[in-house]
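Take a look at the structure set out below.
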Amino acid sequence: MYSSKSKLIQLIHVGKTSLGWDEDLYRQVLVKLTKKDSCKDMNVRELNKVLSHMKDRGFKVVTKKRGGKNSPITRDIAPEDKTPLDKLRQVWIAMSHRGYLRDGSEAALLNWSKAQAKRMNKNVAIERLEWLRASMVHALIEQLKSWYVRLMATDMNELAPDLKKLPLYNEELFSAERFVFDYIGSFERCNVEQLEAALNFTGQMLGKYEEAGNG
């Protein structure tokens with residue numbers, strides 16, 4: 014089960030094209046399944062229901078493999094050996110894996126970084142990330158992390174009410190309080206690590222109880 018609303022909407026739009034549905038059929042399916050005619054009005058559980066229906070009709074979700082066009086993996090490098098550019102790439106990769114980026118490649122990271130760095134460099138272009146001053150790389154990391162936090166906070170604001178509806182038992186409820194419920198209303202002020210933990214836990218719980226409900 015996917016826990017990112019943006020990722021689900023993206024997959025549903027891909028599924029619509031893959032299945033050859035025209036706009037009328039697509040809207041009819043949405044209404045039949047959720048009584049809503051637009052994905053943006055649905056919660057995560059409703060979006061998963063639409064995606065499951067598409068899979069039943071033959072839509073196959075293709076998961077991109079790491080490597081290839083993706084930005085190089087840096088998370089296996091020891092923390093003390095990571096350069097600022099490694100840290101920048103790591104945030105980019107994490108955003109891509111959560112479905113927040115249309116293109117998670119090194120080229121896309123370079124294009125984004127160059128555009129942002131140009132603004133910091135009195136509108137003078139910088140062609141290679143290695144040429145950036147340390148202060149610029151740090152500023153890019155913080156800017157990218159802020160973007161990542163906003164997207165994760167948006168998803169958590171959507172997901173937290175669904176999590177609260179689950180019949181969690183004591184240990185799960187304790188973890189839910191720790192990772193999610195203590196931050197309701199203030200997800201925007203959480204850091205990257207807190208939000209990743211909240212999303213991971215919430216996705217795990219929603220998936221578990223979804224499977225139990227279908228069992």
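Residue numbering for the sequence shown follows this note's numbering, beginning at 14 and increasing consecutively. Glycine included, every Cβ here is placed at the ideal spot set by N, Cα and C.
For residue i, name the three-state secondary structure that DSSP assigns.
| i | result |
| --- | --- |
| residue 126 | helix |
| residue 118 | strand |
| residue 141 | coil |
| residue 71 | coil |
| residue 37 | helix |
| residue 50 | coil |
| residue 146 | coil |
| residue 164 | helix |
| residue 55 | coil |
| residue 193 | coil |
| residue 12 | No answer is possible for residue 12: it lies beyond the span of the chain, which begins at 14 and ends at 228. |
Could you tell me the alpha carbon to alpha carbon distance between residue i and residue j, rounded to whole angstroms?
| i | j | result |
| --- | --- | --- |
| residue 32 | residue 179 | 33 angstroms |
| residue 68 | residue 43 | 14 angstroms |
| residue 194 | residue 173 | 7 angstroms |
| residue 49 | residue 26 | 15 angstroms |
| residue 215 | residue 153 | 29 angstroms |
| residue 190 | residue 131 | 43 angstroms |
| residue 41 | residue 51 | 10 angstroms |
| residue 128 | residue 116 | 16 angstroms |
| residue 168 | residue 18 | 6 angstroms |
| residue 199 | residue 170 | 9 angstroms |
| residue 28 | residue 135 | 44 angstroms |
| residue 59 | residue 133 | 42 angstroms |
| residue 177 | residue 184 | 14 angstroms |
| residue 141 | residue 148 | 15 angstroms |
Leaving aside the five residues before and after residue i along the sequence, list all residues of the same chain whose C-beta is less than 7 angstroms from its C-beta, in chain order.
| i | result |
| --- | --- |
| residue 82 | Any answer about residue 82 is weak, because its pLDDT of 49 lies below 50 and its placement is not dependable; what the coordinates show is given next. Same-chain partners within the cutoff: 118. |
| residue 20 | 111, 112 |
| residue 23 | 112 |
| residue 158 | 104, 205 |
Closest to residue i by CA distance: which of the options is it?
| i | options | result |
| --- | --- | --- |
| residue 34 | 152, 54, 71, 217 | 71 |
| residue 150 | 162, 103, 170, 112 | 103 |
| residue 126 | 101, 108, 171 | 101 |
| residue 146 | 159, 186, 97 | 97 |
| residue 55 | 38, 175, 148 | 175 |
| residue 213 | 192, 222, 197, 196 | 192 |
| residue 160 | 114, 37, 62 | 114 |
| residue 143 | 99, 46, 38 | 99 |
So that I know if they touch, is there some Cβ in chain D lying closer than 8 angstroms to that of residue i?
| i | result |
| --- | --- |
| residue 207 | Protein chains in the displayed structure number just one, and chain D is not present. |
Quick one: is the Cβ of residue i within less than 7 angstroms of any heavy atom of the ligand MN?
| i | result |
| --- | --- |
| residue 106 | What this structure holds is no ligand at all, so the ligand MN is not there to describe. |
Ignore the nearest five residues each way along the sequence and tell me which others in residue i's own chain have a CB closer than 6 angstroms to its CB.
| i | result |
| --- | --- |
| residue 201 | 166 |
| residue 217 | none |
| residue 181 | 189 |
| residue 197 | 173 |
Might you give, ordered along the chain, the residues of its own chain that have their beta carbon closer than 8 angstroms to the beta carbon of residue i, omitting 5 neighbours on each side?
| i | result |
| --- | --- |
| residue 162 | 201, 203, 204, 205, 208 |
| residue 66 | 42, 46 |
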